[in-house]
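One structure is given below, encoded as structure tokens.
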Amino acid sequence: DQCGKCRAGTRRLNLNKYCKRDYASCSFVIAAILAKVLEKDSVEEWARFNIVVQSVYKRARESNLRRGGLSLWVHASDLACKCPKIKSNKPYLILGKEKEGEHPGLTITQRSIVIEWKEEWHNRMRRFQRRARQCGN
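Residues -15 to 121, numbered by our numbering, are exactly what the sequence shown covers, in order.
Quick look at the structure:
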């Protein structure tokens, strides 16, 4: 089986995942957003999803992440394994890496979290934002 364990398939988010998710390295910015997927196309070994960012729940100070249009990048091999499973015209909560360089926008890896959005999560996300100020990210 070429498909490893897919963390993007998680269905729950707690404060620990929100605060301490290890997407961060020196060249990456942590991001937590609510976005609606509009369309997909392929660019070499990557799938690029055009998304509309509806809310930004978490970002670094130096981030350029804002509401509006953005590209979401997923490696084709991860997408073939349905890691993550992304459908058009659905809203998702996305915790991933904002990467400078090769691909502008957000890059999703097997360490990222992509969860189909449920409207009742809005208050939970705002609560995580308040509590996350104490978690150091």
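Glycine included, each C-beta is placed from N, C-alpha and C at the ideal position.
Rounded separation between residue i and residue j - CA only
| i | j | result |
| --- | --- | --- |
| residue 112 | residue 25 | 33 Å |
| residue 36 | residue 57 | 14 Å |
| residue 74 | residue 34 | 12 Å |
| residue 72 | residue 107 | 25 Å |
| residue -13 | residue 98 | 17 Å |
| residue -8 | residue 88 | Any reading at residue -8 must be qualified, since the residue scores a pLDDT of 48, below 50, and its modelled position is unreliable; the value itself is stated next. For residue -8 and residue 88, the distance between alpha carbons rounds to 20 Å. |
For residue i, the nearest candidate out of the options (CA to CA)
| i | options | result |
| --- | --- | --- |
| residue 77 | 28, 88, 92 | 92 |
| residue 30 | 109, 90, 38, 103 | 90 |
| residue 193 | 110, 107, 108, 101 | Since the displayed the chain opens at -15 and closes at 121, residue 193 lies outside it and no answer follows. |
One or two residues paired with residue i in a DSSP bridge
| i | result |
| --- | --- |
| residue 30 | 27, 59 |
| residue 18 | 39, 77 |
Extent of the continuous beta strand (DSSP E) to which residue i belongs
| i | result |
| --- | --- |
| residue 86 | Taken as a continuous stretch (DSSP letters only), residue 86 belongs to no beta strand (DSSP E), as it is neither H nor E. |
| residue 103 | It is not in any beta strand (DSSP E) - residue 103 carries neither H nor E in the DSSP assignment. |
request  = Counting only runs of 4+ residues fully inside the region 44 to 84, write out the alpha helix (DSSP H) ranges in chain order.
outcome  = Counting only runs of 4 or more residues that sit fully inside the region 44 to 84, the alpha helix (DSSP H) segments are 60 to 64, in chain order.
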